[in-house]
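J.:
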């Protein structure tokens, strides 16, 4: 009787395995992977992130939170009705702001994090640049 139970269990296992092999889906063929070349869009540099601030009579017009990706080119354009200095904390970048003139500060966002943008002389925060990691 013991031997008959083992034989029956063996047939049951074989039946389950056979049923699985019969009804399982066929494996998907491997996807073709194109060769990476400099012309491949994935290799292309991300577009420049442009942000603009216009300061007049003590009021700032511009975004409060600026977002970019690590490695992305960023351009800050600022105009102030009074002379000052534009300063980006964390990157320690600055540019003089003559009254009434547009000034552009362009750089690559090489570090992830949150960085304050301010008018250095007036100690006035314009906004914050948030750089997301790759």
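Numbering (the working numbering), first residue to last: 24 to 157. For each residue, glycine too, the CB sits at the ideal point set by N, CA and C.
1) Please classify residue 79 as buried or exposed, where buried requires at least 16 other C-beta atoms within 10 Å of its C-beta.
2) Considering only the alpha carbon of each residue, which of 97, 152, 103 and 143 lies closest to residue 110?
3) Distance, Cα to Cα, residue 105 vs residue 121?
4) Terminal residues of the continuous beta strand (DSSP E) containing residue 155?
5) Whose C-alpha, out of 103, 87, 150 and 98, is nearest the C-alpha of residue 81?
6) Using a threshold of 9 Å, state whether the C-beta atoms of residue 117 and residue 108 are closer than that.
T.: Reading from the atomic positions:
1) exposed
2) 143
3) 7 Å
4) 147-155
5) 103
6) yes
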